[in-house]
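By this note's numbering, the letter at position 717 of the sequence shown is numbered 721, and the numbering carries on one by one without gaps.
All C-beta atoms, glycine included, are put in the ideal place defined by N, C-alpha and C.
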Amino acid sequence: MRSLLALAFSVLVSCNLAFAEPATYPARISLDGAWDYQPLARTTLKADGSIAEDRANLPAAGKMPVPSNWHLSGLPNFNGRVLFTREFDFAEKLGPADRVFLVFHGVDYFADVELNGAPVGKHEGYFQSFEFDVTPKLKRGSNRLAVTVDAPLEEPGPVWPDHKRMIKGVFSHWDCKPGSTSMQYGQDGTTAGIWNSVELETRHEAWLGNVKIQPFLYERALSNERATRAEHLEPAQASEAFDAKVFITAEVHAARPGKYVLTAEAGGSQVSSEIDLGTTAATVVLVLPMEHPRLWWTWDLGEPYLYTCKLTLAAKAETVYGREIPFGVRSIALDEKTGEWRLNGVRFFIRGTNIVPELYLSKYTAARIAEDIKLLRGAYINGVRVCVHMNRPELYDALDRAGIVAWQDFPLQWDYTHTDALMQEAARQLRDMIRQFYNHASIITWVCQNESTAYNVNILDPFLARVGAQEDSSRPVRPVSAFSEHLYEGWYGGDYHNYLALPGGPIISELGAQALSSLEEMRAMVGDAWPPDWQKMAYHDFQYDQTFHVARVPLGTGWPEFVRNSQTYQAELLKYAIEHYRRAKYRKVGSFFQFLFGDCWPSITWAVVSYDRKPKLGYEAVKRAYQPVLIGGDLDRTVLSLGRKGEREATGFDVHVWVVNDEHHGFEGLTYEASLKGHGREISAGRHDSPVTVAADQVTGLPELSCNPPAGLAPGEYELVLTLRQGNRVVSENTYPVTVVE
Numbered sequence: 005m006r007s008l009l010a011l012a013f014s015v016l017v018s019c020n021l022a023f024a025e026p027a028t029y030p031a032r033i034s035l036d037g038a039w040d041y042q043p044l045a046r047t048t049l050k051a052d053g054s055i056a057e058d059r060a061n062l063p064a065a066g067k068m069p070v071p072s073n074w075h076l077s078g079l080p081n082f083n084g085r086v087l088f089t090r091e092f093d094f095a096e097k098l099g100p101a102d103r104v105f106l107v108f109h110g111v112d113y114f115a116d117v118e119l120n121g122a123p124v125g126k127h128e129g130y131f132q133s134f135e136f137d138v139t140p141k142l143k144r145g146s147n148r149l150a151v152t153v154d155a156p157l158e159e160p161g162p163v164w165p166d167h168k169r170m171i172k173g174v175f176s177h178w179d180c181k182p183g184s185t186s187m188q189y190g191q192d193g194t195t196a197g198i199w200n201s202v203e204l205e206t207r208h209e210a211w212l213g214n215v216k217i218q219p220f221l222y223e224r225a226l227s228n229e230r231a232t233r234a235e236h237l238e239p240a241q242a243s244e245a246f247d248a249k250v251f252i253t254a255e256v257h258a259a260r261p262g263k264y265v266l267t268a269e270a271g272g273s274q275v276s277s278e279i280d281l282g283t284t285a286a287t288v289v290l291v292l293p294m295e296h297p298r299l300w301w302t303w304d305l306g307e308p309y310l311y312t313c314k315l316t317l318a319a320k321a322e323t324v325y326g327r328e329i330p331f332g333v334r335s336i337a338l339d340e341k342t343g344e345w346r347l348n349g350v351r352f353f354i355r356g357t358n359i360v361p362e363l364y365l366s367k368y369t370a371a372r373i374a375e376d377i378k379l380l381r382g383a384y385i386n387g388v389r390v391c392v393h394m395n396r397p398e399l400y401d402a403l404d405r406a407g408i409v410a411w412q413d414f415p416l417q418w419d420y421t422h423t424d425a426l427m428q429e430a431a432r433q434l435r436d437m438i439r440q441f442y443n444h445a446s447i448i449t450w451v452c453q454n455e456s457t458a459y460n461v462n463i464l465d466p467f468l469a470r471v472g473a474q475e476d477s478s479r480p481v482r483p484v485s486a487f488s489e490h491l492y493e494g495w496y497g498g499d500y501h502n503y504l505a506l507p508g509g510p511i512i513s514e515l516g517a518q519a520l521s522s523l524e525e526m527r528a529m530v531g532d533a534w535p536p537d538w539q540k541m542a543y544h545d546f547q548y549d550q551t552f553h554v555a556r557v558p559l560g561t562g563w564p565e566f567v568r569n570s571q572t573y574q575a576e577l578l579k580y581a582i583e584h585y586r587r588a589k590y591r592k593v594g595s596f597f598q599f600l601f602g603d604c605w606p607s608i609t610w611a612v613v614s615y616d617r618k619p620k621l622g623y624e625a626v627k628r629a630y631q632p633v634l635i636g637g638d639l640d641r642t643v644l645s646l647g648r649k650g651e652r653e654a655t656g657f658d659v660h661v662w663v664v665n666d667e668h669h670g671f672e673g674l675t676y677e678a679s680l681k682g683h684g685r686e687i688s689a690g691r692h693d694s695p696v697t698v699a700a701d702q703v704t705g706l707p708e709l710s711c712n713p714p715a716g717l718a719p720g721e722y723e724l725v726l727t728l729r730q731g732n733r734v735v736s737e738n739t740y741p742v743t744v745v746e
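Put into structure tokens, the structure is as follows:
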């Protein structure tokens, strides 16, 4: 739930650690700042689940900011156990019905907490918020908090990579992190530490735990018993057709049994429920009616409208607890046979990408998130796959606001130990994920594992899918993102022109090729040496064999050529593949997620945007191929001859033109043309001036263009530019390389 996670960026009580308004609940005290740290041991997680220790030659103690990942803050590449401590004053006098909770918003990986020398509790995981009631152990005045964090090395061979035990997804095993999948270096760059905020929260008498807000949309006309359900809706129709019942499931806790009133308000509606707690906990369900609600849409279908649900708990007419939760009114459905998604009953095509925006979540700031959202929207992307990790809550807030849907992977990557203990822990953490992030309108599916092998495909993943479906009935829960959905023609084998045959489907959740970052970034990563230091390149995830022996990228004579050649290949592959799959939408595929959007550290990966957020040529290729309205063409030849007087005639060429329209309205009165651009000129090569019509949310073939090389054209490399117009407005533009010879 965002209720706890959102605290990390909220305004906190004054830094003297006394409550500014003691009567306002919950009241919060930040414990962020400089903490003392002491490395206790290097640790190794063994195959039997035990943890071995080595206390020799440990790094020195020091101070470290919290939140931070310790790899960045004084303990680089340290896999082990670290004691974090800090002293704080607690000035408030507590009443008999007050409770104080110690809240952690993210600790990676094993946490063991003590307050004033007394055990408080333990936690396993990296992405969850968690809390402990510390009321009996908290003193008025000076207090000492101690948090022991253990992030062991998983023993190479017996445990890592094929029998992993820690549930960290791409943060522990991936070919895009430090050391790639090397047995020696693949666990470098640990993400361990207290990476998110820590605070004390005082609650008075009663409070809310987990809250789920589940909108249920229904067609208003169905209130009439004789009405029939609409078979096909467009966004404008859907926005007018629906009413909603918003089901709110809230966990209510109290310091003592008693009578309370829970009230929910949203969108001008209000509902209350009286609660007679005979014990100190209960689950309450409220139904909030909403007539003509404003729906949440992706940015290209409409407005991603968010409501705020205001929840209050009262005792004896006095408010004792309050919380506000943003949510969107929307429904989501997936047809697994066609790969088609429906948002609010409207079929739409996901122009997606995979994101792992930052390896060290403490560094993923609001400004960085905003920059990524701008880049995503700039490339016409309406969906992301949050690839095999959970990110910080502010990212999901931003996706909610931006109208970008999110496919959310659970952090299970490749192989794990085949034990019941692992299944049990994975189920617990899967439930944590769903409960914690449930209210984000942008999240449209939970996926339990990435690229599973036989045991997980047949046992673990179906088991987890059942657990997930029990926790969330409003979204599809998929057992696995399978190898069959991940296509790498022209990288791990074959040729990217094989995408003409449209392998895979109906969901493509990975497709791409590597490309180097900018010249400046490459030199900063691996130095100026030429030829490159291939060992350094491999550490930064460069795949030598695939680059030179499958993709056949020319090395060139120096860094500038190598960077250009690498980025050009990635761009050509992505444009070719995306265009062919988009042309097959609703016929062969229902959704498409390019792999990968941005690097999560300075590296050489499938990303189209570098870690410094410099777009590669691949970004421009994705941007062009993901235009919501895309004109394209099949050229019957790409080498054009000017001919030679008295010897041979010039060769014309035909362009078989098509338009992919993802907009949910048609276009009339369209014209299109082709021109050759290059050598400082752009010369018309053919036009179709008779108006044509393009249907809504469809792929339309248009009359072909017959083109001839314009007179006076010089031999050389050109771009064939296809332009689709409606009057004077350019609706879409696309380009293809051609060569002109004598």
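Cβ shell of residue i (< 6 Å), same chain only, five flanking positions each side left out
i	result
Leu-237	Gly-349 and Val-350
Glu-25	Any reading at Glu-25 must be qualified, since the residue scores a pLDDT of 34, below 50, and its modelled position is unreliable; no value is offered.
Ala-22	Model confidence at Ala-22 stands at a pLDDT of 32, short of 50, so the residue's coordinates are unreliable; what they give is reported in the following sentence. Excluding residues within five positions, the ones whose Cβ falls inside 6 Å are Ala-95.
Phe-134	Phe-108 and His-127
Ala-27	In this prediction, Ala-27 has a pLDDT of 39, which is less than 50 and means its spatial position is unreliable; what the coordinates show is noted afterwards. Cβ within range, chain order: n/a, list empty.
Gln-218	Phe-251 and Ser-478
Where residue i sits in the DSSP three-state scheme
i	result
Asp-112	strand
Val-471	helix
Gly-731	coil
Asn-83	coil
Ala-51	coil
Trp-662	strand
Lys-618	coil
Arg-381	helix
Pro-219	strand
Val-612	coil
Gly-602	strand
Pro-63	coil
Ile-408	coil
Gly-560	coil
Close Cβ partners of residue i (< 7 Å) along its chain, the five nearest in sequence each way excluded
i	result
Trp-534	Gly-562 and Trp-563
Val-324	Tyr-29, His-208, Glu-209, Ala-210, Leu-317 and Ala-318
Met-5	In this predicted model, Met-5 has a pLDDT of only 36, less than 50, meaning its place in the structure is not dependable; the value taken from the coordinates is given anyway. Hits under 7 Å: Asn-214, Val-215, Arg-439, Gln-440, Tyr-442 and Asn-443.
Thr-283	Pro-261
Ala-122	Lys-141
Cβ-Cβ separation, residue j to residue i (assumed contact under 8 Å), whole Å
i	j	result
Lys-620	Gln-547	Going by Cβ atoms, the distance from Lys-620 to Gln-547 rounds to 16 Å, so no, they are not a contact pair.
Asp-310	Gly-332	It should be noted that the sequence gives Leu, not Asp, for residue 310. 5 Å between Cβ atoms; contact.
Thr-551	Gln-598	The Cβ separation is near 19 Å, so there is no contact.
Check whether residue i and residue j have beta carbons under 9 Å apart
i	j	result
Glu-255	Val-291	no
Leu-347	Ser-335	yes
Leu-468	Met-427	yes
Ile-448	Ala-402	no
Ala-425	Val-461	no
Gly-78	Ala-45	no
Asp-376	Gly-110	no
Asn-104	Asp-137	A small correction: the amino acid at residue 104 is Val; Asn does not occupy that position in the sequence shown. Their beta carbons are under 9 Å apart, which means Val-104 touches Asp-137 by this criterion.
Lys-172	Thr-195	yes
Asp-40	Asp-545	no
Val-612	Gly-508	no
Buried or exposed by the 16-neighbour rule on C-beta atoms within 10 Å, applied to residue i
i	result
Asp-693	exposed
Phe-414	buried
Leu-639	buried
Lys-378	exposed
Asn-732	exposed
His-422	exposed
Ile-463	exposed
Phe-566	buried
Ser-72	buried
Pro-293	exposed
Met-187	exposed
Ala-259	buried
Spatial neighbours of residue i in its chain, beta-carbon cut-off 8 Å, leaving aside the 5 residues before and after
i	result
Lys-540	Met-529, Val-530 and Gly-531
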